[in-house]
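Colleague: Per this note's numbering, the very first residue in the first sequence carries number 2; after that it's consecutive.
By construction, the Cβ of each residue, glycine as well, lies at the ideal position given by its N, Cα and C atoms.
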Amino acid sequence: MIDIKLIRDNPEAVFQAMEKRGEGRESIDEIIGLDNTFRRFLQEAEALRARRNEVSKQISLMKEKPADLIAEMRQVGERISQIEAESSEITARLEDKLLRLPNLPAADVPVGKDSQDNIEVRSWGKPKEFTFKPLPHWELGEKLGIIDFQRGVKLSGTRFYVLRGQGAQLQRALINFMLDLHVNAHGYTEIFPPFMVKKESMVGSGNLPKFADNLYHDIEEDYWFVPTAEVPLTNLHRDEILTPGTLPLYYVAHTSCFRREKMAAGKDSRGIKRGHQFEKVEMYKFVEPETSVSELDKLTRDAEDICQKLGLPYHVIQLCTGDMGFAAVKTFDIEIWAAGCREWLEVSSCSNCGDFQARRANIRYRPDSESKPRLVHTLNGSGLALPRIMISIIENYQQQDGSILVPEALHPYMNTRVIK
RNA sequence: GGAGGGGUGACCGAGUGGACGAUGGUGACGGUCUUGAAAACCGUUUUAGCUUCGCGCUAACGCGGGUUCGAAUCCCGCCCCCUCCGCCA
2 MIDIKLIRDN PEAVFQAMEK RGEGRESIDE IIGLDNTFRR FLQEAEALRA RRNEVSKQIS
62 LMKEKPADLI AEMRQVGERI SQIEAESSEI TARLEDKLLR LPNLPAADVP VGKDSQDNIE
122 VRSWGKPKEF TFKPLPHWEL GEKLGIIDFQ RGVKLSGTRF YVLRGQGAQL QRALINFMLD
182 LHVNAHGYTE IFPPFMVKKE SMVGSGNLPK FADNLYHDIE EDYWFVPTAE VPLTNLHRDE
242 ILTPGTLPLY YVAHTSCFRR EKMAAGKDSR GIKRGHQFEK VEMYKFVEPE TSVSELDKLT
302 RDAEDICQKL GLPYHVIQLC TGDMGFAAVK TFDIEIWAAG CREWLEVSSC SNCGDFQARR
362 ANIRYRPDSE SKPRLVHTLN GSGLALPRIM ISIIENYQQQ DGSILVPEAL HPYMNTRVIK
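1. Taking only the alpha-carbon atoms, compute the straight-line gap between Lys6 and Ala108 and give it to the nearest angstrom.
2. According to DSSP, is Leu130 part of a helix, a strand, or is it coil?
3. Under 7 Å, do Thr417 and Cys351 count as touching if we go by C-beta distance?
4. Shortest alpha-carbon distance to Gly355 belongs to which of Glu336, Thr379 and Asp223?
5. Would you mind sorting Glu191 into buried or exposed? The rule is 16 or more other CB atoms within 10 Å of its CB.
6. Is it buried or exposed for Ser116, if we count other Cβ within 10 angstroms and need 16 for buried?
7. Report yes or no: do three or more beta-carbon pairs, one from the stretch 239 to 251 and one from the stretch 215 to 225, lie closer than 8 Å?
8. Mind checking Lys134: buried by the 16 CB within 10 Å criterion, or exposed?
9. What's the gap between the Cα of Asp269 and the Cα of Leu346?
10. Just to confirm the assignment, what range does the alpha helix (DSSP H) spanning Gly382 have?
11. The alpha helix (DSSP H) that contains Phe333, what's its start and end?
12. With distances taken Cα to Cα, identify the nearest neighbour of Lys127 among Asp402, His316, Ile335 and Arg22.
13. Could you check which residue in Trp139, Val204 and Gln167 has the C-alpha nearest to that of Ala1?
14. Given a threshold of 16 other Cβ atoms within 10 Å of its Cβ, counted over all protein chains shown, does Ser88 qualify as buried or as exposed?
15. So, for Gly276: in the same chain, excluding its five sequence neighbours on each side, which residues have a beta-carbon less than 7 Å away from its beta-carbon?
16. Let's see if you can read the secondary structure: which residues bound the beta strand (DSSP E) around Leu346?
17. Could you round the C-beta distance between Leu311 and Ile394 to whole angstroms and report it? I think they count as a contact, below 8 Å.
18. Under the DSSP definition of a beta bridge, which residues are partnered with Tyr224?
19. Evaluate Arg40 with the Cβ neighbour count: other Cβ atoms within 10 Å of its Cβ, from every protein chain shown; 16 or more gives buried, anything less gives exposed.
20. Tell me the DSSP bridge mates of Arg375?
21. Evaluate Ser202 with the Cβ neighbour count: other Cβ atoms within 10 Å of its Cβ, from every protein chain shown; 16 or more gives buried, anything less gives exposed.
22. Can you give me the C-alpha to C-alpha distance between Glu344 and Trp338, rounded to a whole angstrom?
23. I'd like to know if the stretch 70 to 80 and the stretch 175 to 190 are in contact, where contact means that at least 3 CB-CB pairs between them fall below 8 Å.
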């Protein structure tokens, strides 16, 4: 959520930032209008309440309760409830508009319309040359009996698959490898959060109210299934004031992620690239505002470290204003090479969200014991998404006989050096 | 799911219709004392909104509604925690 004061005091700057994202002016104009109305109501109600408080105090001191004063206050009370009813409707609309407004991009984010305008910032490794035609993972996976698409569909329908034997083990090895690296080498604290959360948590992270159509929702109990561990991690400190010395906080969590992917029906349907349920290791940081720029760089490097240790060629892309996520100030994507399907796959998206989530989730800290609470900055990044690293490993490490070499970094985590 | 008990400031805990943003204690911070520290004593210590920016006004005692001139206090609904019972990996 953007600071309403910023919109109030500097609507033009906000509008220009929104325009870079391809957002219209109407919602901002509407917000300003609602805010003005709300404040008029508020001031009237507060003046009336002040009057009522004062008179009530006087009445309490009198032995004889004067009927005329009480009658007047009864009217004042009625007027107050009238205003409250009207202004609560205004507030709800204002709140909804604010919650649906995306974050302001940082000044140094390249302006652009869509992924065409993203910029490559660096790359590592070279796609491997093969002496034979490398196969896509769906063919290899089926041949090796490590991915079962048909039974996935039987169990749950389209976009579901079953990992079997060394396929399942490979995924588990990767999860452990990544968690260990982030915990032991990068200084993160491991968290195992709930996969179902309440509505407030989804609002805090920015997934609700705007993106309900990509979420699974249990109506009976009103539980929402997390589309990423970013949701529970953001809300770990919701409604808290962190005491001096606690920042920065680095968290890492492995969760299943659930996404309806409704708008992408038919897209990427081959293989395990885009399922309704997938595993992901997520890094998350709560930091002081002054440090979030450099923390984003460190976060991205932590994700890259995984790719390097697994020997997977990648490049780092800076997203342009039009392609960035809702909550982000600035985002770097990491794309790894998949030799079989011959494409660069997005395995990580590392974002600085500034105070956007902190304001929604009311996450503050005190720099020292005397100072006022300030909003923290939050950052998130995949470290990494499992299906796509699996794809890249399967396809890049395949051999002519259809077997797959296990990357050296995973040797301590697997009981075999070759999947066959 | 059923029965009973409870939710008050960073924490503990008082408060059952009016002067209560809320007694007291702990903690934290500042001071006195001390070579220094502890102890003792004194003082300070919520968050947010509006704003004529004046610490002026308003709001917040789990959440939401109601009664009342006035609600932490009374009434209704919901949520959460504890105990017992039931069910269950």
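Modeller: So, from the data block:
1. 19 Å
2. For clarity, residue 130 is Glu in the given sequence; the question names Leu instead. Glu130: coil per DSSP, three-state reduction.
3. no
4. Thr379
5. exposed
6. exposed
7. Because the criterion of three Cβ pairs below 8 Å is not met, the stretch 239 to 251 and the stretch 215 to 225 do not touch.
8. exposed
9. 11 Å
10. Taken as a continuous stretch (DSSP letters only), Gly382 belongs to no alpha helix (DSSP H), being part of the beta strand (DSSP E) at His378 to Ala386.
11. Taken as a continuous stretch (DSSP letters only), Phe333 belongs to no alpha helix (DSSP H), being part of the beta strand (DSSP E) at Lys331 to Ala339.
12. Nearest option by C-alpha distance: His316.
13. Nothing in the structure corresponds to residue 1, since the chain is present only between 2 and 421.
14. With 16 or more neighbouring CB atoms inside 10 Å of its own CB, Ser88 falls in the buried class.
15. Arg160, Phe161, Tyr162 and Pro388
16. For Leu346, the enclosing beta strand (DSSP E) starts and ends at Glu344 to Asn353.
17. Yes, Leu311 and Ile394 are in contact; Cβ-Cβ is about 7 Å, under 8 Å.
18. The partner list for Tyr224 (beta bridge, DSSP) reads Asp219.
19. exposed
20. Bridge partners of Arg375: Tyr366.
21. buried
22. In this structure, the CA atom of Glu344 is about 6 Å from the CA atom of Trp338.
23. The answer is no - the stretch 175 to 190 does not touch the stretch 70 to 80, with fewer than three Cβ pairs under 8 Å.
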